[in-house]
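Scroll down for the structure; my scribbles are underneath it.
2 protein chains.
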Amino acid sequence: MTFSPLTPELVVAFEGIVGPAHVLTAQRTEALQYETYGRDHTEDFHFAPDVVLRPGTTEEVSAIMRLCHEHRVPVTARGAGTGLSGGALPIHNGVVLSMERFNKILNIDERNLQVTTEPGVVTEALQNAVKEVGLFYPPDPASKGSCFLGGNLSQSSGGPKAVKYGTTRDYVLNLQVVLPNGDIIWTGANTLKYATGYNLTQLMVGSEGTLGIITRVVFRLLHYPQHNILMLVPFRQEAQAAEAVSAVFRAGIIPSGMEFMEREAIAWSSDYLKIPLTLPEDITAHLLIELDGQDLDQLYKEAEQVYGVLEKYDVGEILLADTAGQKDDLWKIRRNIGNSVRYNSVYKEEDTVVPRAELPTLLKGVKEIGQRYGFKSVCYGHAGDGNLHVNIIRGELTDEQWNVGLRQPISEIFQLCVKLGGTISGEHGIGLVQKPFMHIALAEANLNLMRGIKQVFDPHGILNPGKIF
Amino acid sequence: MTFSPLTPELVVAFEGIVGPAHVLTAQRTEALQYETYGRDHTEDFHFAPDVVLRPGTTEEVSAIMRLCHEHRVPVTARGAGTGLSGGALPIHNGVVLSMERFNKILNIDERNLQVTTEPGVVTEALQNAVKEVGLFYPPDPASKGSCFLGGNLSQSSGGPKAVKYGTTRDYVLNLQVVLPNGDIIWTGANTLKYATGYNLTQLMVGSEGTLGIITRVVFRLLHYPQHNILMLVPFRQEAQAAEAVSAVFRAGIIPSGMEFMEREAIAWSSDYLKIPLTLPEDITAHLLIELDGQDLDQLYKEAEQVYGVLEKYDVGEILLADTAGQKDDLWKIRRNIGNSVRYNSVYKEEDTVVPRAELPTLLKGVKEIGQRYGFKSVCYGHAGDGNLHVNIIRGELTDEQWNVGLRQPISEIFQLCVKLGGTISGEHGIGLVQKPFMHIALAEANLNLMRGIKQVFDPHGILNPGKIF
Chain A
1 MTFSPLTPEL
11 VVAFEGIVGP
21 AHVLTAQRTE
31 ALQYETYGRD
41 HTEDFHFAPD
51 VVLRPGTTEE
61 VSAIMRLCHE
71 HRVPVTARGA
81 GTGLSGGALP
91 IHNGVVLSME
101 RFNKILNIDE
111 RNLQVTTEPG
121 VVTEALQNAV
131 KEVGLFYPPD
141 PASKGSCFLG
151 GNLSQSSGGP
161 KAVKYGTTRD
171 YVLNLQVVLP
181 NGDIIWTGAN
191 TLKYATGYNL
201 TQLMVGSEGT
211 LGIITRVVFR
221 LLHYPQHNIL
231 MLVPFRQEAQ
241 AAEAVSAVFR
251 AGIIPSGMEF
261 MEREAIAWSS
271 DYLKIPLTLP
281 EDITAHLLIE
291 LDGQDLDQLY
301 KEAEQVYGVL
311 EKYDVGEILL
321 ADTAGQKDDL
331 WKIRRNIGNS
341 VRYNSVYKEE
351 DTVVPRAELP
361 TLLKGVKEIG
371 QRYGFKSVCY
381 GHAGDGNLHV
391 NIIRGELTDE
401 QWNVGLRQPI
411 SEIFQLCVKL
421 GGTISGEHGI
431 GLVQKPFMHI
441 ALAEANLNLM
451 RGIKQVFDPH
461 GILNPGKIF
Chain B
1 MTFSPLTPEL
11 VVAFEGIVGP
21 AHVLTAQRTE
31 ALQYETYGRD
41 HTEDFHFAPD
51 VVLRPGTTEE
61 VSAIMRLCHE
71 HRVPVTARGA
81 GTGLSGGALP
91 IHNGVVLSME
101 RFNKILNIDE
111 RNLQVTTEPG
121 VVTEALQNAV
131 KEVGLFYPPD
141 PASKGSCFLG
151 GNLSQSSGGP
161 KAVKYGTTRD
171 YVLNLQVVLP
181 NGDIIWTGAN
191 TLKYATGYNL
201 TQLMVGSEGT
211 LGIITRVVFR
221 LLHYPQHNIL
231 MLVPFRQEAQ
241 AAEAVSAVFR
251 AGIIPSGMEF
261 MEREAIAWSS
271 DYLKIPLTLP
281 EDITAHLLIE
291 LDGQDLDQLY
301 KEAEQVYGVL
311 EKYDVGEILL
321 ADTAGQKDDL
331 WKIRRNIGNS
341 VRYNSVYKEE
351 DTVVPRAELP
361 TLLKGVKEIG
371 QRYGFKSVCY
381 GHAGDGNLHV
391 NIIRGELTDE
401 QWNVGLRQPI
411 SEIFQLCVKL
421 GGTISGEHGI
431 GLVQKPFMHI
441 ALAEANLNLM
451 RGIKQVFDPH
461 GILNPGKIF
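The listed protein sequences correspond, in order, to chains A and B.
Residue 222 in the UniProt record's numbering is what sits at position 222 of the first sequence, and the numbering runs on without skipping anything.
Residue 378 in the UniProt record's numbering is what sits at position 378 of the second sequence, and the numbering runs on without skipping anything.
Below is the structure:
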């Protein structure tokens with residue numbers, strides 16, 4: 001794929017579309033601000049865009065795409081830049097299309113339990129807005145306080161509540177999308193059921209900005225669960241924590257959160273946040289278990305059942321969060337593990353996922369591979385979904401070890417995932433950094449189908465080039 | 001698209017692949033049996049296959065597809081033939097690929113709450129098998145006693161429980177698929193989360209046998225809900241029944257069934273089944289409401305809330321089903337409405353779907369259009385999903401009226417659906433009979449994307465030609 005350079009004429013044309021204030025170039029933008037548009041939260045990568053555009057309407061996006069399609073200019077859409085696979089990095093330069101001005105919630109439809117929103121709304125802002133009328137938008141990636149809904153859709157994001165409520169994919173009903181040639185479509189209908197041709201809505205979810213630009217979203221909503229119970233369960237043996245996860249589900253309970261945290265994950269995060277937490281010497285891992293629902297008595301019954309399951313394991317003293325403040329603190333600790341690891345060291349995050357009951361085998365394998373290749377990892381994640389985030393710490397590794405040497409052990413981790421019935425990404429996407437490993441999870445025939453689909457949507461290959469495959 | 005005729009050499013080659021006993025032709029098969037392979041449950045259509053093949057393994061399917069791909073022979077996959085949109089009709093003749101021998105449940109994985117199965121298993125047989133170990137596969141189309149899982153996947157089937165538990169789409173984790181060129185792929189992984197490139201699994205669901213042949217399926221399962229409460233609620237005004245549907249959801253209750261039945265729907269079905277049912281003169285419609293869960297006390301609480309909502313409407317005496325037998329009877333009546341209508345008259349079934357709260361407007365519109373164009377309709381369906389099955393009764397309509405005259409009013413019904421945020425099929429698919437109406441729901445740009453995707457999977461257009469678009 002060869003692209004055309006960005007010409008001064010094109011910059012003028014962009015100014016005509018979005019207004020000069022929303023056309024940012026390196027020459028006329030404060031350096032630190034401009035640099036942000038070339039980064040996301042993936043390792044320490046940076047790629048400079050030729051120009052950053054901040055459209056405000058679907059029609060502006062359409063006009064931009066039409067021009068770029070015609071002139072073969074790469075376009076990388078960008079949400080809040082919190083991605084962990086490099087999906088928003090403009091590796092072929094060109095246009096970064098920042099969706100930050102698509103920040104309006106358009107309609108909360110209480111009659112139909114739906115919301116129509118722009119994609120540049122922060123996930124938590126949507127959650128708060130619908131909560132005000134008693135409604136619930138469950139998907140809650142760790143970055144929910146800053147990430148955008150559009151990014152969640154592009155990466156098929158999950159979060160702790162996915163274990164009970166499903167991921168972003170399970171809430172989207174309909175998408176307005178600008179295709180690379182500038183055409184504006186709606187992918188489906190605002191209905192709970194849909195059997196009207198190929199499901200373009202579901203195809204867009206997880207397509208990482210390579211097929212079209214999402215400009216509007218219709219999500220379904222639930223009623224906000226009135227009550228919850230949160231417990232932090234310390235384990236003396238890591239493997240037992242992983243085993244207890246599937247035991248809880250096999251007892252017929254579906255927690256609204258089932259998070260696994262290695263000792264170091266929880267220790268680093270509580271230090272980073274300066275939230276004190278007692279961590280006895282012999283504790284090697286924790287489960288953070290949340291139950292939620294409309295009826296508190298019912299939740300207490302379920303909590304007793306959970307206790308019954310946990311009794312069979314070698315657990316320390318279970319902390320049952322008493323107050324809203326204590327609950328917030330525990331979730332804050334869980335959500336800031338990634339930040340605290342980043343604060344301690346450059347790291348690579350692998351988003352491994354396996355069938356739930358295979359988690360102990362995966363965890364054991366990761367540690368064994370780490371030992372063999374001499375790297376340290378901090379593991380945590382959405383254990384109820386079999387989704388383990390493996391953070392490989394740079395520490396004292398040389399450039400050579402870091403950039404080249406880790407290829408083989410990471411491949412082995414992914415091969416283990418696939419052998420266990422899993423895959424190489426559960427909720428972060430492939431983006432740039434997992435691309436070299438796609439052949440481990442997918443046959444050449446699968447990749448060819450994906451390339452073919454890409455070609456149908458984007459014949460000139462201008463949208464987020466160089467990602468996924 | 002031009003296809004090649006079936007040659008005697010090809011028939012011999014097929015015999016070599018599946019064995020002569022599983023190659024059926026009109027010449028050597030009992031007429032009534034052979035004719036079955038040219039029909040489904042859609043109106044009174046019949047198209048004769050040139051040959052019917054009954055493969056027993058994935059490798060046999062692959063070998064058949066490779067041959068047909070090479071020789072440009074149309075292939076129409078067939079499940080149990082219970083489809084309502086003509087999806088399994090071999091309108092270009094050629095091969096009918098009957099999946100009836102793919103009837104084995106391969107592995108119920110209690111540790112991971114998953115099941116691996118062949119697609120020719122009857123839906124209810126799967127439900128019963130997993131129920132024996134306390135597990136639950138929720139999707140339950142009306143034809144669950146005879147339809148195949150593969151058909152459910154192809155049409156994105158729902159059923160009454162979809163309102164709480166989602167449709168077939170929400171349970172499939174991974175599919176083994178034979179592509180038109182004979183390649184065998186798995187579309188994803190056996191995991192609850194998946195962000196590893198374009199979601200081919202979800203693309204296959206609802207693709208109506210036009211992209212590939214499903215040969216194995218991995219579904220996720222739930223724990224079987226121990227208890228349920230079922231109530232039949234008679235309404236004096238049809239519109240109020242439709243209104244009460246969204247009122248129940250807005251009260252924060254999620255029933256496991258929320259079915260709407262016009263007076264005639266329920267009367268015809270109870271007559272057909274010879275299950276007596278008291279139907280006072282002034283009753284025009286019913287809601288069948290089911291609540292389910294693990295805790296009976298909790299269900300009684302919810303039932304009280306439902307009664308509280310219903311009090312606001314002009315309802316007759318609510319029948320609370322006392323025994324398992326009574327519950328079975330009520331569900332049997334609901335599930336046999338389609339059969340009873342078919343028993344009374346040839347009919348066209350429209351699978352309209354709108355956002356839930358728009359149901360009263362849709363129902364009113366359907367009746368108004370019927371009055372204007374002089375046809376009678378019997379309406380019923382999954383009201384909780386906004387999914388209304390409109391059965392247009394042939395009655396005394398002439399061939400001209402039936403075949404041509406109904407185009408315009410059906411178009412108007414679908415236009416109303418789309419205006420209300422809905423679409424032209426919720427769970428039956430497009431197949432043959434809804435194809436002429438696709439442009440009402442979808443823009444040309446959408447249809448072009450679908451055609452492009454079809455071309456990627458099936459460059460010679462041999463799989464189920466003439467369907468969807």
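Every residue, glycine too, gets a C-beta built ideally from N, C-alpha and C.
Nearest neighbour of residue i, chosen from the options [CA to CA]
| i | options | result |
| --- | --- | --- |
| T58(A) | T201(A), A48(A), F375(A) and I213(A) | I213(A) |
| Q294(B) | A321(A), I253(A) and G316(A) | I253(A) |
| I239(B) | A285(B), Y198(B) and A251(B) | Looking at the sequence itself, residue 239(B) is Ala, so the reference to Ile does not match. Nearest C-alpha to A239(B): A285(B). |
| K164(B) | H439(B), A31(B) and E259(B) | E259(B) |
| L222(B) | N181(B), L106(B), V61(B) and V172(B) | V172(B) |
| S377(B) | K131(B), I410(B) and A324(B) | I410(B) |
| D328(B) | D109(B), E290(B), R263(B) and D40(B) | E290(B) |
| G452(B) | V306(B), T210(B) and E311(B) | T210(B) |
| E70(B) | I468(B), D458(B) and F469(B) | D458(B) |
| L126(B) | E110(B), T361(B) and K104(B) | K104(B) |
| M65(A) | R78(A), F469(A) and G182(A) | G182(A) |
| L200(B) | P138(B), A241(B) and L153(B) | L153(B) |
Between the CA atoms of residue j and residue i - distance to the nearest angstrom
| i | j | result |
| --- | --- | --- |
| I462(B) | T76(B) | 8 Å |
| A74(B) | T116(A) | Per the sequence shown, residue 74(B) should be read as Pro rather than Ala. In a straight line, the C-alpha of P74(B) is about 42 Å away from that of T116(A). |
| V178(A) | I185(A) | 6 Å |
| N391(A) | L363(B) | 55 Å |
| G421(B) | T191(A) | 7 Å |
| E118(A) | V353(B) | 24 Å |
| Q202(A) | E444(B) | 19 Å |
| G151(A) | S98(A) | 11 Å |
| K131(A) | R111(B) | 35 Å |
| V217(B) | Q371(B) | 45 Å |
Simplified DSSP state of residue i, which is helix, strand or coil
| i | result |
| --- | --- |
| A77(A) | strand |
| E30(B) | coil |
| P141(B) | coil |
| Q294(A) | coil |
| F469(A) | coil |
| P234(A) | strand |
| N103(B) | coil |
| residue 472(A) | Look at the range of chain A in this structure, 1 to 469, and you will see that residue 472(A) is not part of it. |
| N387(B) | strand |
Buried/exposed call for residue i, threshold 16 Cβ in 10 Å
| i | result |
| --- | --- |
| N464(B) | buried |
| H46(B) | exposed |
| R335(B) | buried |
| E358(B) | buried |
| Y380(B) | buried |
| P180(B) | buried |
| Y194(A) | buried |
| T423(B) | buried |
| Q155(B) | buried |
| K454(A) | buried |
Worksheet item: Which of the residues in the segment 54–88 of chain A, read from start to end, lie with their CB under 9 Å from any CB of chain B?
Response: The residues in question are S85.
Worksheet item: Mind listing which residues of the segment 435–453 of chain B have their C-beta closer than 8 Å to chain A's C-betas, in chain order?
Response: Going along the segment 435–453 of chain B in chain order, one finds M438, A441, L442, A443, A445, N446, L447, L449, M450, G452 and I453 with a Cβ nearer than 8 Å to chain A.
Practice prompt. Could you name the residues of the segment 191–209 of chain B whose beta carbon sits closer than 8 Å to any beta carbon of chain A, in the order they occur along the chain?
Written response: Residues of the segment 191–209 of chain B whose Cβ lies closer than 8 Å to any Cβ of chain A, in chain order: T191, L192, K193, Y194, A195, T196, G197, Y198, N199, L200, Q202, L203, V205, G206 and S207.
Practice prompt. Check each residue of the segment 379–392 of chain B: if its Cβ is closer than 9 Å to any Cβ of chain A, include it; give the result in chain order.
Written response: Across the segment 379–392 of chain B, CB contacts with chain A closer than 9 Å involve H382, G384, D385, G386 and N387, in sequence order along the chain.
Worksheet entry | Contact set between the segment 333–364 of chain B and chain A, restricted to residues whose Cβ is under 9 Å from the partner | Residues are counted here when their Cβ sits less than 9 Å from a Cβ of chain A; for the segment 333–364 of chain B these are D351, V353, V354, P355, R356, A357 and E358, given in chain order.
Item to complete: Note down, in chain order, all residues in the segment 101–117 of chain A with a beta-carbon under 9 Å from any beta-carbon belonging to chain B.
Response: Hits within the stretch, in order: D109, E110, R111, N112, L113 and Q114.
Discussion item. Along the segment 295–306 of chain A, where does the CB come closer than 8 Å to a CB of chain B? Name the residues.
Written reply: Cβ contacts with chain B: D295, Q298 and K301.
Item to complete: With 9 Å as the C-beta to C-beta threshold (strictly closer), list the residues of the segment 130–162 of chain A near chain B in chain order.
Response: Under the 9 Å Cβ criterion, the segment 130–162 of chain A contributes G134, Q155, S156, S157, G158 and A162.
Practice prompt. Return the residues of the segment 413–429 of chain B that lie within a Cβ-Cβ distance of less than 7 Å from chain A, sorted by chain order.
Written response: Using a CB distance below 7 Å, the part of the segment 413–429 of chain B facing chain A consists of G421, G422, T423, I424, S425, G426, E427, H428 and G429, ordered along the chain.
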